[in-house]
Structures are given as structure tokens and as C-alpha cells.
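What follows is a short report on a single structure.
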Amino acid sequence: MNAVARIARRRTRRGRSTLSVVGGFLLGSALLRLAMGAGDVVAQAAQAADESGQDGAVAEGPTPLSEGNKLLEALARRDARIAEREAALDIRAQALKLAETEIEKRLDVLAEAEAKLRQTLDAAYGASARDVAQLTDVYANMKPREAAALFAEMDPEFAAGFLARMKPEQAAAILAGLPPRNAYTISVMLAGRNADVPTE
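Here you go:
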């Protein structure tokens, strides 16, 4: 082995031993500080206990167990609040469901009543239309002079309604037998019956 290698080994051994010594000093210093700090803490706790009249008992701070219990209690309270809200929401949902059911029932009743009313109105309109058609035929089959005497006593709008349903020649014969003023008024009403109907 050459001289350079031996010197390098010696230096490496010396470096290691130096590091070991320094590390030992640092470790000892840390342990000493820790012991001194613990002694101060115990002394302060004892002094505080004496001042509060607890006969030298060391005052205990919050432990991890008590903190955990507080957290569990807070979570339990939150869960209870959530459960209450869910129960209230369930009650509201049930009330809404009942209201919807009741509304649907009432809508069904209204629809049924509307259908019956429509049937009644259709029947009444049909009967009325049949009555008017039959009466129009009666007037159309009368002698024009006799029909004109009746039409002269009618309300002009009512008379115009009958004449509008007759054949033009039948209506013309009745109009010819009316007094000129009545014939003119009825003619104006007949002409204006469809004036409001859109042409396009």
C-alpha cells in the first residue's frame, strides 16, 4: 500500500472521529436543555398550583382526548341539526304531495263539470238553433203580406236574424211588404252583419 493511501485513510478516520465527538457534544447539549426546560415547566406548574390553592397539584392543560371529545360532540350536534332539517323537509315534501293530490282531484272535478256544462250548452244551442230554424221555416212559408205584418212589429235586429236565414226571394218578398222605414233599418242591419269579418 503506498504512502498516499495511508495518509488518506488516516485523514478519513480522523474526520469520522471528529464528527462523532462534535455530534456527541450536540446531543448532550440538547438533552441538557430538554431537562432544564422540563424542570422549569414542572416548577411553574407547581407554583401555579400553590397560588390557586391546589396543594402542589400540577394544572393540566387540554389533552388530545378532551379535544377529541369536543370534536365528537360538535359533530354529534351538527348531525342532530341535519337530522332535524331532513325531518322538516320530509314533512314539507309529504304536505306538498298531499296538496298536489288534492289539486289533481279538484282539477278532475272541474274538468268533469266543464265537460257537463259544454254538453248542456251544446244541447241548449242545438235546441235553440233548431227552434230558430223551425220558426224561420214557418215565416218563410207564410204569405209575404202576413209575414211582413209580423216583421213590422218585431225588433229590427231580431227580424234581420230571421231574414238572413231565409232564401233571398222569400226575404225580398217580406221586405217588400214592410213599411219603408222598417225595411230600410232591417236592410242596414243585414248589410252590417258581416262587415267586421276580415276579408284576408
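So the sequence shown is residues -16 to 183, counted in my numbering.
A virtual CB, placed ideally from N, CA and C, is assigned to each residue, including glycine.
Between the C-alpha atoms of Gly109 and Ile86, what's the straight-line distance to the nearest angstrom?
Taking the straight line joining both Cα atoms gives about 34 Å.
Closest to Leu118 by C-alpha separation, out of Ala147, Glu95, Ala106, would be which residue?
It is Ala147 whose Cα lies nearest to the Cα of Leu118.
What distance in whole Å lies between the Cβ atoms of Ile169 and Pro139, which are believed to be in contact at a cut-off of 8 Å?
About 5 Å; that satisfies the 8 Å criterion.
Could you tell me the alpha carbon to alpha carbon distance between Arg60 and Gln77, rounded to whole angstroms?
So the two alpha carbons sit approximately 26 Å from each other.
Look at Leu161 and Ala123 and say whether their C-beta atoms are less than 8 Å apart.
No; because the gap between Cβ atoms is not below 8 Å, this pair is not in contact.
Just to confirm the assignment, what range does the alpha helix (DSSP H) spanning Met172 have?
Residues 163 to 175.
Indicate the three-state DSSP secondary structure (helix, strand or coil) for Lys150 in the structure shown.
Reduced to three states, the DSSP call for Lys150 is coil.
For the segment 113 to 152, list the alpha helix (DSSP H) runs that are entirely contained and at least 4 residues long, ordered along the chain.
Listed in chain order, the complete alpha helix (DSSP H) runs (minimum 4 residues) inside the segment 113 to 152 are 127 to 136, 139 to 148.
Beta-carbon separation of Ala135 and Met172 under 8 Å?
Cβ distance not < 8 Å, so Ala135 and Met172 don't count as in contact.
Identify, in the order they occur along the chain, each residue of the same chain with its Cβ nearer than 6 Å to the Cβ of Gln153, setting aside the five sequence neighbours on each side.
Counting only Cβ-Cβ distances below 6 Å, and skipping sequence neighbours, we find Ala123.
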